[in-house]
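What follows is a set of notes on a single structure, which appears directly below.
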Amino acid sequence: MALLDVQNLCISFGGLRAVDDFEIHIEKGQLYGLIGPNGAGKTTVFNLLTGVYKPGEGIIRLDGQDITGKKTIEINKAGIARTFQNIRLFKGMSVLDNVKAGLHNHYKYSSLAGIFRLPSWRKMEREMDERAMELLEVFDLGGEADYLASNLPYGKQRKLEIARALATEPKLLLLDEPAAGMNPNETKELMDTIRLIRDQFDMTILLIEHDMKLVSGICEALSVLNFGRILAQGETGTVLNDPQVITAYLGE
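Going left to right, the sequence shown walks through residues 24 to 275 as the working numbering numbers them.
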């Protein structure tokens with residue numbers, strides 16, 4: 024059974040079919056890419072998968088559970104986390120506290136314990152600090168734990184956003200153009216980081232990306248969107264050599 028099973032997904036805006044009969048099946052542990060020209064509907068698909076939009080038609084199943092049309096917070100608790108094309112961090116908070124924000128799905132204490140700083144609250148805060156630091160060390164951000172998130176350089180802000188998403192302990196991680204705005208060295212480092220995440224966390228990853236070097240270097244399979252519809256699907260090498268895909272990109 025596929026970890027993510029999407030069938031006949033559709034949504035329209037003002038009569039325009041933005042996503043039309045979209046299907047995707049991603050196995051556990053797979054590193055999968057979603058590519059296509061600008062305006063093809065890629066981010067709209069991510070918004071459907073994460074509950075930002077409700078589909079007009081179709082079914083979304085995660086690990087056998089029907090999550091179609093559920094609220095974003097419910098989908099996150101079910102096991103999908105994401106990053107965004109335009110980085111969304113709590114920039115007035117520390118690097119450490121950004122990651123701790125992602126941990127609150129799994130650490131609970133009463134309001135009373137928090138207000139009066141009871142021992143149960145202090146114990147939980149210590150545990151969260153330790154777990155957040157473990158994640159930051161994976162991304163070589165441990166030394167910047169006390170920095171404001173806004174003071175990190177761009178590439179490290181990308182890493183922090185991924186670390187915060189991982190803190191929710193997802194089954195499926197969605198990365199929306201993680202290499203956007205990066206220089207070649209940062210992109211290479213990102214490729215290594217994505218491989219590390221998949222291997223160290225046994226993570227299934229779906230990413231949107233325009234950098235074909237990154238896509239061909241790490242993705243095992245691809246779906247290509249064009250005008251909201253699937254143009255091609257399959258193993259990365261086969262898809263990237265498909266004449267329809269080449270034409271779509273040359274016409275971008």
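Ideal placement from N, C-alpha and C gives every residue a C-beta, glycine not left out. Quick caveat: nothing in here was measured; it's all calculated off a predicted structure.
Review point. Can you give, in chain order, each stretch of the alpha helix (DSSP H) that sits fully within the segment 175-204 and has at least 4 residues?
Key: Qualifying alpha helix (DSSP H) stretches, in chain order: 177-190.
Exercise for review: Between the Cα of GLY59 and those of ARG154, LYS100, THR216 and ILE231, spot the shortest distance and give me the residue it belongs to.
Suggested key: Checked all of ARG154, LYS100, THR216 and ILE231; the closest Cα to GLY59 is ILE231.
**Study point:** Strand pairing of THR227, partner residues [DSSP]
**Key:** According to DSSP, residue pairing for THR227 in a beta bridge involves LEU195.
Point to revise | Exposure label - TYR55; buried when at least 16 CB within 10 Å | key: When all chains shown are included, TYR55 counts as buried.
Exercise for review: Alpha carbon to alpha carbon, how far is GLY37 from LYS194? Give it in angstroms, no decimals.
Suggested key: For LYS194 and GLY37, the distance between alpha carbons rounds to 34 Å.
Practice item. Kindly list the residues whose CB is nearer than 8 Å to the CB of PHE224, restricted to its own chain and excluding five residues on each side of it in sequence; keep chain order. Key: Within the same chain, PHE224 has close Cβ partners LEU189.
**Study point:** Under the three-state DSSP convention, the category ARG111 falls into
**Key:** Assigned with DSSP and collapsed to three states, ARG111 falls in coil, not helix or strand.
**Study point:** Cβ separation of THR210 and LEU248, assumed to be a contact under 8 Å, to the nearest whole Å
**Key:** The pair is not a contact, with the Cβ atoms about 22 Å apart (cut-off 8 Å).
**Study point:** C-beta atoms of GLY257 and ALA244 nearer than 8 Å
**Key:** For GLY257 and ALA244, yes; Cβs fall inside 8 Å.
Practice item. Determine the contact status of LEU119 and ASP169, defining contact as a CB-CB distance below 8 Å. Key: Less than 8 Å separates the beta-carbon of LEU119 from that of ASP169.
**Study point:** C-alpha distance - LYS77 paired with GLY92, whole-angstrom precision
**Key:** Rounded to the nearest angstrom, the two C-alpha atoms are 5 Å apart.
Point to revise | Delimiting residues of the alpha helix (DSSP H) encompassing GLY59 | key: Looking at the DSSP string, GLY59 is not in any alpha helix (DSSP H), and its letter there is neither H nor E.
Point to revise | GLU157 versus GLN180, LEU175, PRO176 and ALA186, residue with shortest Cα-Cα distance | key: Looking at the Cα atoms, ALA186 is the closest of the given residues.
Exercise for review: Between the Cα of LEU198 and those of ASP44, GLU46, THR66 and VAL29, spot the shortest distance and give me the residue it belongs to.
Suggested key: It is THR66 whose Cα lies nearest to the Cα of LEU198.
Review point. Can you list, in chain order, the residues of its chain whose CB lies under 7 Å from that of PHE139, leaving out five sequence neighbours each side?
Key: Any answer about PHE139 is weak, because its pLDDT of 47 lies below 50 and its placement is not dependable; what the coordinates show is given next. The answer is none, since no qualifying residue turns up.
Review point. Does the Cβ of GLN180 have 16 or more other Cβ atoms within 10 Å, making it buried, or fewer, making it exposed?
Key: Its Cβ being crowded by 16 or more others within 10 Å, GLN180 is buried.
Check your understanding: Which two residues bound the contiguous alpha helix (DSSP H) that contains ASP120?
Key -> From DSSP, the alpha helix (DSSP H) with ASP120 extends over 118-126.
Point to revise | Beta-bridge partners of ILE82, as assigned by DSSP | key: Beta-bridge annotation (DSSP): ILE82 is paired with GLN30.
Review point. Is the beta carbon of PHE45 less than 8 Å from the beta carbon of VAL68?
Key: Yes, the Cβ-Cβ distance between PHE45 and VAL68 is below 8 Å.
Exercise for review: Taking all protein chains shown into account, decide if MET24 is buried (16 or more other Cβ within 10 angstroms of its Cβ) or exposed.
Suggested key: Exposed, because fewer than 16 other Cβ atoms sit within 10 Å of the Cβ of MET24.
Check your understanding: According to the Cβ coordinates, are VAL298 and ILE83 closer than 8 Å?
Key -> Residue 298 cannot be examined here, being either before or after the span of the chain that is shown, 24 to 275.
Practice item. For SER35, write down the residues that DSSP places opposite it in a beta bridge. Key: Under DSSP, the beta-bridge partners assigned to SER35 are ARG40.
**Study point:** Limits of the alpha helix (DSSP H) - the one that VAL238 falls within
**Key:** Its alpha helix (DSSP H) spans residues 235-241.
Check your understanding: Exposed or buried, GLY125, counting other C-beta atoms within 10 Å across all chains shown (16 or more means buried)?
Key -> Counting C-beta atoms within 10 angstroms of its own C-beta, GLY125 has 16 or more neighbours from the protein chains shown and is therefore classed as buried.
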